[in-house]
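A.B. asks: If you scroll down you'll find the structure; I have some questions about it.
In my numbering, the protein residues as written are 9 to 290.
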């Protein structure tokens with residue numbers, strides 16, 4: 009029989025306060041998510057131009073949150089997971105629904121399958137990106153490149169037919185549903201492909217002589233985006249596609265250079281080995 013000793017509850021678990029620098033990037037990520045989900049609502053209401061602008065705003069916010077987290081040293085596992093989930097909604101779900109409502113629904117079930125392909129390609133691309141971050145064998149130069157088209161760029165390219173529609177170059181999205189479907193399939197394939205593309209995440213410093221030209225070019229781009237949004241987006245999409253072969257060629261050139269260096273080091277190690285002594289076994 010137990011005594012009448014008082015029962016003491018276990019001590020409450022204490023949590024350390026979370027620094028503000030961890031909150032700001034996640035707040036921007038949530039704002040981007042709200043913008044992407046709002047784009048879906050606007051598309052259903054038929055307000056296509058505002059819907060596309062909301063997805064573009066989500067792209068801008070997505071570019072800001074990661075850089076702000078690294079600048080403030082506020083990166084965290086929670087933030088990375090939240091960012092990945094928000095990216096899937098903003099760049100996988102929202103553009104697929106926009107392009108389906110604007111054009112692909114004229115193909116009925118086939119159009120929906122194409123929209124699903126874009127959404128699935130985005131999910132697979134994001135999953136592969138998250139796994140690649142933990143690859144210990146990834147060479148240093150590969151950090152300057154993505155594998156396949158990144159999700160924000162894929163979303164921007166997928167909506168390019170809508171830009172043309174807003175400029176009256178395409179009279180109606182439903183009349184060009186089949187060419188649009190072929191184009192969307194091509195974008196989905198590029199997103200899950202192994203094609204190396206340039207990444208700006210590794211750029212942390214710029215030469216001093218390029219500071220003013222970069223600032224001027226950035227300001228000019230923003231002004232053009234506000235004044236002539238769809239012309240600017242069409243031009244940006246065309247330039248991005250034109251740079252794809254350049255990025256792939258740069259990646260493979262550095263890869264061949266690294267392989268040549270490794271072969272030279274291996275040959276030098278073999279020559280320095282004393283005669284009659286076999287190299288150490290792995």
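Backbone N, C-alpha and C define an ideal beta-carbon position, used for all residues, glycine too.
Treat the numbers as computed from the prediction; the structure is a model and nothing was measured.
1. Which residues bound the alpha helix (DSSP H) around residue 253?
2. When the distance is taken between beta carbons, is residue 163 closer than 8 Å to residue 103?
3. Any idea which residues DSSP pairs residue 154 with across the strands?
4. Assuming residue 252 and residue 205 make a contact with CB atoms under 8 Å, what is their CB distance in whole Å?
5. What three-state label does DSSP hand residue 54 in the structure shown?
6. Looking at C-beta atoms only, is the number of pairs between the region 63-70 and the region 115-133 that lie closer than 8 Å three or more?
7. State the Cα-Cα distance for the pair residue 238 and residue 268, rounded to the nearest angstrom.
8. On the three-pair Cβ rule with 8 Å, is the region 125-132 touching the region 91-103?
9. State yes or no: is the C-beta of residue 29 nearer than 7 Å to some heavy atom of the ligand SAH?
10. Taking the alpha helix (DSSP H) that residue 186 falls in, what are its first and last residues?
11. Would you decide whether residue 180 is buried or exposed? Buried here means 16 or more other CB atoms lie within 10 Å of its CB.
12. Can you tell which of 112, 88 and 192 has its C-alpha closest to the C-alpha of residue 137?
C.D. replies: Taking the structure as given:
1. 237-279
2. Taking 8 Å as the Cβ cut-off, residue 103 and residue 163 qualify as a contacting pair.
3. 205.
4. In this structure residue 252 touches residue 205 by the C-beta definition: roughly 6 Å separates them, less than 8 Å.
5. coil
6. These segments do not touch.
7. 45 Å
8. yes
9. Absence of the ligand SAH is noted for the structure shown, with no ligands found whatsoever.
10. 185-200
11. exposed
12. Comparing Cα-Cα distances from residue 137 to each of 112, 88 and 192, the minimum goes to 88.
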